[in-house]
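> Take a look at this one; I'll ask things after.
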Amino acid sequence: MSDLLDDVFSGSSPDIKAGRLPGEALAACFADAHPPLTRDQADIEANRCYFCYDAPCVTACPTAIDIPGFIRAIATGNLPGAGRRIFEANIMGGACARVCPTEILCEGACVRNAQQHKPVEIGALQRVATDAVITRAEATGVHPFQRAAATGRRVAVVGAGPAGLACAHELARSGHAVDLFEARPKPGGLNEYGIAAYKMADGFAAREVNFILGIGGIRVFTNQALGRELDLGALRRDFDAVFLAIGQAGVKSLAVPGEALPGVMDAVRFIETLRQAEDKASVPVGRHVVVIGGGNTAIDAAVQAKRLGAELVTLVYRRGREDMPATTVEQDWALMNGVAFRHWAAPVAIEGGEGVRAVRFARTTLAGGRLALLEDGFVLAADMVLKAVGQSLDVAESEALPAIAQGRIVVNPDTLETSLPGVFAGGDCISGQDLTVQAVADGKRAAQRIDEYLKGRNHG
Amino acid sequence: MADLSINFAGIKAPNPFWLASAPPTDKAYNVERAFAAGWGGVVWKTLGEDPPVVNASSRYGGIGYNGQRLMGLNNIELITDRPLQVNLEEITMVKRKWPDRAVVVSLMVPCEEESWRRILRQVEETGADGVELNFGCPHGMSERGMGAAVGQVPDYVEMVTRWCKQHSRMPVIVKLTPNITDILKPAAAAQAGGADAVSLINTVQSVIGVDLDNMAPLPTVDGVGTHGGYCGPAVKPIALRMVGEIARAMPGLPVSGIGGIGTWRDAAEFLAMGSGCVQVCTAAMHYGFRIVDDMINGLSDWMDEKGYARIADVTARAIPKFVHWQDLNLAWKTIASIDPEACIGCGLCHIACEDTAHQAIRLSPGDAKRVYEIIEDECVGCNLCSHICPVDGCITMKPQQASQHLTWKQHPNNPLRVAEAAE
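So the sequence lines, in the order shown, correspond to chains A and B.
Using my numbering, read the first sequence as starting at 16 and increasing by one per residue.
Using my numbering, read the second sequence as starting at 729 and increasing by one per residue.
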């Protein structure tokens, strides 16, 4: 390490490059991290489910999927029925099967934990059923659900992430016409841009979008951002209702010197670059990478940096392990992938010359319940620094926007309606759990409320 | 150490575990492997008259349950399809090599005295310990007037048994078919004919399943299927009842128990219900002959623990408590009890009781751990919840103090009740 620090301070150039691993190794690193269960595995696992009554797993699911029901259908060999049951509750059941922190949701509530310390693998079973239905829909071109008769109503959905897609789908199902606007070049939101590649292998995010749109009645317009190409006032005028699902597109800064040095980047941008790269060998990564943050984005960035071939990846979090927003399963996954963890330290400066070479940290402690920096600290060599300290609402200042508080759009918790009549919001842009499954739940609920709102206006 | 050796109707064996007459006992090769594994005896797969029968390709159908294979097996195989002389030579050789094991030969020939007389003489020359008369085979042979076609007519059972006793010095075991309304009738006929023992059950007539793609019963032979004989764990309760009825009605008649036996515990239950030895087939076909090792050890350990020195100490031990329904005490009551510590909150007991029984289980009030509790006033002690609960020992049945002894024979609701002595 001392040689390395000598290098750092003598100003040798940072070591950032693409193609650190041979192509085959890279392909293996970014393939499905948890391949689907085989038919036999699914049978064995499905038969572990007790088919609980008033099942705790269902209560624990934000979208209340009938989990015992779909698992029983798998056990009886009724995969189409299993998949339909899931999609009935959660049209993004395929993504949720891959990315849900099941250990704190359905699987955390499974009664098998109390008996055996080993829950039924609900997420993996959900993938079996949803994959089967999506694959069949792709082959036949027939969507499992049908639209209600057209209502003649038009709804604008802004943001084609999980909340927007779920809302659009439910609205389309109810017979409304939906225009879905997306700021980026592709729909899918975080599933397309913001989640580790090995969790969404084989283009699943795009396949899922196509599946969802397969119900019909949804027009997609990409490269349409609120405050840029879109104006909320105009949307309210042109549509019968508006749903805002604009997520948290902004990124928080560290506010330390050196943050602008080359080699310092937002973890979300790093992940996005990786996700959009056809050839992972084209994505540059540092030899020594420091990731700052303790959430799932930090974990996804750190593990993917390691899998791209970084020699040493250190994840630094300002509080203790138990305080990390990332679940223990995610933390263990990072540790298993060789990511080093440092807790109780915060960056105070990023150092370097033509590029970043090191990050200086101060140790932290809790003083009177608040985080305090200590005099003591350490320096980590770094060719690349990935910042993952949180995201924020990113919209142009506009008087047409609904009320915002603490960085989130304010909604009526029952109706998800904002301060502007006819404008609803959900997903990461409102307060609540920042989970795909919660966004889907918001989107679906908003669609139901919008449907009621539109019917109410019919009579009014 | 318990003594597992037996003398069953004059046939000696080092332990009570025999392989039933079936594919595992069709050849010297298999039988020798079984003896090497520790089986106490075999009933050689049924011999018939030459020319031998022809067996179909596709012979078994299986049924699984919740991911477990072979809860039940059915077969459409017939008796041995090898020439009689080959079997007789192999039996002779095997008995000579394994003198301490029981070698019983299963027989099925046409219902003519001469046929039986001839084959009995041939079997006797092999040195075999006894014969078992196959009056049970429910398919293929019965259509030719053999197997179950004989076993279902008590008069024939008695007649053939008598021939066998007349024409042979060997112990004669009569194997009974369960495909009959009253098992006591053929058992009594066998006894009247002089049988030394009965064995049961043979397989139950069955269609194991239907191929929904080809729309044909399973297993299929060139696209079509036929009924077969059902065996395996699923038939054990049927067999236990029939064995017990014979043991209760005909004390002293040795019974070889057959039907779904796969473990030492199954065997102990068959012994308790009146068997002097047991015969195994499906479990061996599922897992191989090595299962006998745990059967021997398990039974021996259990007998030691319970203080039973010999198999005979266990045989028919439960028969005094195998009563008719009318002798049950209707004044006795048991009530379910849920251990809140062990309860995992699956709710299965609640929904079963709520939907299909007596509305006697509710969610415990309070929002701590999700557990269920019994409404004692509503519980009739049916036991359903205790069988459904996936946690061993979580739901137990607590016997209540019985106020009196009141059977149906004495019950005031019974119009035909026997007047009490006091009245």
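Every residue, glycine too, gets a C-beta built ideally from N, C-alpha and C.
Going by alpha carbons, who is nearest to B:P866 out of B:V859, B:G875 and B:E860?
Of B:V859, B:G875 and B:E860, the residue nearest in Cα terms is B:G875.
> Consult DSSP for A:V304 and reduce its assignment to one of helix, strand or coil.
Strand, per DSSP.
> Indicate whether at least one CB of chain A lies closer than 8 Å to the CB of B:R1098.
Chain A contact via Cβ: present.
> Just the C-alpha distance for A:A164 and A:H191, rounded to the nearest angstrom, thanks.
Using only the alpha carbons, I get a separation of about 9 Å.
> Rounding to the nearest angstrom, what Cα-Cα distance links A:R460 and A:F236 in this structure?
So the two alpha carbons sit approximately 23 Å from each other.
> Decide if the segment 1080-1097 of chain B is in contact with the segment 1106-1123 of chain B; the criterion is three or more beta carbon pairs, one per stretch, under 8 Å apart.
The segment 1080-1097 of chain B is in contact with the segment 1106-1123 of chain B.
> DSSP has B:P1127 in a bridge; who is on the other side?
Per DSSP, B:T1062.
> Taking only beta-carbon atoms, is A:C67 less than 8 Å away from chain B?
Yes, its Cβ sits closer than 8 Å to a Cβ of chain B.
> Given a threshold of 16 other Cβ atoms within 10 Å of its Cβ, counted over all protein chains shown, does B:Y958 qualify as buried or as exposed?
B:Y958 should be labelled buried.
> Answer with yes or no whether the minimum CB distance from B:L806 to chain A is below 8 Å.
Output row for B:L806: interface = no.
> Please list, in chain order, the chain B residues whose beta carbon lies closer than 9 Å to that of A:D58.
Under the 9 Å cutoff, chain B gives G795.
> Could you tell me the alpha carbon to alpha carbon distance between B:Y757 and B:Y793, rounded to whole angstroms?
The alpha-carbon atoms of B:Y757 and B:Y793 are separated by roughly 33 Å.
> Between the segment 195-213 of chain A and the segment 358-377 of chain A, do at least 3 Cβ pairs fall closer than 8 Å?
Too few Cβ pairs lie closer than 8 Å, so no.
> Does A:N62 get closer than 8 Å to chain B when you measure Cβ to Cβ?
A:N62 counts as touching chain B.
> Just to check my reading of the structure: B:V832 and B:G864 have Cβ atoms closer than 8 Å, yes? What is that Cβ distance to the nearest angstrom?
No, B:V832 and B:G864 are not in contact; Cβ-Cβ is about 15 Å, not under 8 Å.
> Along chain B, which residues have their Cβ under 8 Å away from the Cβ of A:A129?
I1072 and G1073, listed in chain order.
> Taking only beta-carbon positions, decide if B:L1076 is within less than 8 Å of chain A.
Taking Cβ atoms only, chain A reaches closer than 8 Å to B:L1076, which makes this a yes.
> Report yes or no: do the segment 807-820 of chain B and the segment 776-794 of chain B share at least 3 C-beta pairs separated by less than 8 Å?
Because the criterion of three Cβ pairs below 8 Å is met, the segment 807-820 of chain B and the segment 776-794 of chain B touch.
> For a quick check, are the C-beta atoms of A:G384 and A:P177 less than 8 Å apart?
No; because the gap between Cβ atoms is not below 8 Å, this pair is not in contact.
> Return helix, strand or coil for B:V1099, following the three-state DSSP convention.
Coil.
> Taking B:Q1054 as the reference, give the member of B:L1144, B:V1006 and B:G988 with the closest Cα.
Closest option to B:Q1054, Cα to Cα, is B:L1144.
> Which of the three DSSP states, helix, strand or coil, is assigned to A:Q448?
Reduced to three states, the DSSP call for A:Q448 is coil.
> Bridge partners of B:W1089, per DSSP?
Position check: residue 1089 of chain B holds Ile in this sequence, whereas Trp was assumed. In the DSSP output, where bridge partners are listed per residue, B:I1089 has B:I1102.
> If the cut is a Cβ gap below 8 Å, which residues of chain B does A:P71 touch?
The contacting residues are G1073 and R1098.
> Is the beta carbon of A:L388 less than 8 Å from the beta carbon of A:A361?
Yes. Within cutoff.
> Less than 8 Å between the CB atoms is what I'm expecting for B:A923 and B:P882, so what's the real figure, rounded?
Their Cβ separation, rounded to whole angstroms, is 12 Å, which puts B:A923 and B:P882 out of contact at 8 Å.
> Scan the segment 1105-1121 of chain B for residues whose Cβ lies nearer than 9 Å to a Cβ of chain A and list them as they occur along the chain.
Result list: P1118 and V1119.
> Going along the chain, which residues of its own chain have a beta-carbon closer than 7 Å to the beta-carbon of B:M821, five neighbours each way excluded?
A756.
> Among B:I1102, B:P1068 and B:A1059, which has the Cα closest to the Cα of B:H1133?
Considering only alpha carbons, the answer is B:A1059.
> Is B:V1006 closer than 8 Å to B:S984 when the C-beta atoms are compared?
Yes, these two residues count as a Cβ contact at 8 Å.
> Is it true that the CB of A:V173 sits closer than 8 Å to the CB of A:L480?
In the structure as shown, chain A starts at 16 and stops at 475, and residue 480 of chain A therefore has no counterpart that could be examined.
> Any idea if B:L940 is buried or exposed, counting beta-carbon neighbours within 10 angstroms, 16 or more meaning buried?
The residue is exposed, with fewer than 16 neighbouring Cβ atoms inside 10 Å.
> Are the beta-carbon atoms of A:V114 and A:T451 separated by less than 8 Å?
Closer than 8 Å, so yes.
> Can you find a heavy atom of the ligand FMN that lies under 7 Å from the Cβ of A:A75?
Ligands are entirely absent from the displayed structure, and the ligand FMN is therefore not among its contents.
> If you follow the alpha helix (DSSP H) that A:R199 is part of, which residue opens it and which one closes it?
First-last for A:R199: undefined, no H or E at that position.
> May I ask you to list, following chain order, the residues of the segment 100-129 of chain A that have a beta carbon less than 7 Å from some beta carbon of chain B?
Within the segment 100-129 of chain A, the qualifying residues are V126 and A129.
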